[in-house]
Amino acid sequence: GAVVSQHPSWVICKSGTSVKIECRSLDFQATTMFWYRQFPKQSLMLMATSNEGSKATYEQGVEKDKFLINHASLTLSTLTVTSAHPEDSSFYICSALGLLSYNEQFFGPGTRLTVL
Amino acid sequence: AQTVTQSQPEMSVQEAETVTLSCTYDTSESDYYLFWYKQPPSRQMILVIRQEAYKQQNATENRFSVNFQKAAKSFSLKISDSQLGDAAMYFCAYRSGSNQFYFGTGTSLTVIP
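Order-wise, the sequence lines are chains Y and F.
Quick note: to get this note's numbering, add 3 to the position in the first sequence (first position is 1).
Quick note: to get this note's numbering, add 861 to the position in the second sequence (first position is 1).
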């Protein structure tokens, strides 16, 4: 099946610093990638949808200047949490829609971010 | 906007028994997809089963099957012969015609040995 990787799998940073999370589709091209945030024992909350070569579409309430998303190629999307604060600590999950698998999204393993 | 509702925050089942997880959704679209995902403690989301709305036949994947009632906007998941490895959070998800995905709040399934 299609594989999506995320790097890093976990990261600890100091308040005020920026953190970049990479999401890669390893064996397929992804026209669309999604970024989710998940709090403990809660559902996935869609943060934004990114399409290759265009600006990301952010969900209501998500600060686009704080959560910068870049989808530079058909296999890579990045999420940068700028000026991170402890309340940004969470589990971030990306997923990708393949060119041929239009009705299914493939999930990355997630990144646990802890901001001290 | 579409909404997905899972009314059972927690469920438990005896090993080898059958359990049904419920899911309802709200939409005005006629063409869409529905999914059940499993999230074990590793937190990796795993696709369990999917259903195309235009198909009347209920999807089946080995021990997993769905009861899709389009008119009632209901999409329940039945797990037969439950195994310890089935213990996880289960999320129902809806995919709209514009590729937007909406997730339910999840059901935590415990399998009792």
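Note that CB positions come from ideal geometry on N, CA and C, so glycine has one too.
Which residues in chain Y sit within 7 Å of residue i, going by Cβ to Cβ distance?
i, result
"LEU908(F)", "GLU107"
"GLY967(F)", "SER46"
Less than 8 Å between the C-beta atoms of residue i and residue j, yes or no?
i, j, result
"VAL865(F)", "ALA954(F)", "yes"
"LEU116(Y)", "VAL6(Y)", "no"
"ASP892(F)", "GLN863(F)", "no"
"LEU100(Y)", "ASN960(F)", "yes"
"SER46(Y)", "GLY965(F)", "yes"
"THR885(F)", "LYS934(F)", "yes"
"LYS69(Y)", "THR85(Y)", "yes"
"ARG956(F)", "ASP942(F)", "no"
For the beta strand (DSSP E) holding residue i, just list the boundary residues, first then last.
i, result
"SER959(F)", "Premise fails: SER959(F) is in no beta strand (DSSP E) and is neither H nor E."
"GLN108(Y)", "108-110"
"SER93(Y)", "93-101"
"ALA33(Y)", "33-41"
"GLU871(F)", "871-875"
"ALA920(F)", "Unbroken run through ALA920(F): none, as it is neither H nor E."
"ALA75(Y)", "70-76"
"TYR894(F)", "894-900"
"SER46(Y)", "Unbroken run through SER46(Y): none, as it is neither H nor E."
Given residue i, which residues of its chain have a CB within under 7 Å of its CB, disregarding the five upstream and five downstream residues?
i, result
"THR78(Y)", "ARG27, SER28, GLN32 and ALA33"
"SER8(Y)", "ARG27, LEU29 and GLY111"
"ASN54(Y)", "THR34, THR35 and HIS74"
"ILE96(Y)", "TYR39, GLN41, LEU47, PHE110, GLY111 and GLY113"
"GLY958(F)", "GLU890, ASP892 and TYR893"
Does residue i have its Cβ less than 8 Å from a Cβ in chain Y?
i, result
"PHE952(F)", "yes"
"GLY946(F)", "no"
"PHE962(F)", "yes"
"ARG924(F)", "no"
"GLN905(F)", "yes"
So, is the C-beta of residue i closer than 8 Å to a C-beta in chain F?
i, result
"ILE2(Y)", "Residue 2(Y) lies beyond the residue range present for chain Y, which begins at 4 and ends at 119; the question has no answer from this structure."
"LEU100(Y)", "yes"
"GLY113(Y)", "yes"
"PHE42(Y)", "no"
"ILE24(Y)", "no"
"PHE31(Y)", "no"
Residue i touches chain F at which residues, Cβ-Cβ below 9 Å?
i, result
"LEU49(Y)", "GLN961, PHE962, TYR963 and PHE964"
"PHE70(Y)", "Under the 9 Å cutoff, chain F gives no residues; its nearest Cβ is about 18 Å from PHE70(Y)."
Chain F partners of residue i, CB-CB under 8 Å?
i, result
"SER35(Y)", "Looking at the sequence shown, residue 35(Y) is not Ser but Thr. What THR35(Y) touches in chain F: ASN960."
Which residues in the same chain as residue i place their Cβ atom closer than 8 Å to its Cβ, once the five residues preceding and following it in sequence are excluded?
i, result
"MET872(F)", "VAL880, LEU882, THR968, SER969, LEU970 and THR971"
Identify, in the order they occur along the chain, each residue of the same chain with its Cβ nearer than 6 Å to the Cβ of residue i, setting aside the five sequence neighbours on each side.
i, result
"LEU119(Y)", "LYS17"
"ALA920(F)", "ILE910, GLN912 and VAL927"
"ILE907(F)", "LYS899"
"PRO974(F)", "GLU876"
"LYS67(Y)", "TYR61"
"GLU25(Y)", "HIS10 and THR81"
Between residue i and chain B, is there a C-beta pair that is closer than 8 Å?
i, result
"GLN944(F)", "The structure shown contains no chain B; the protein chains it does contain are Y and F."
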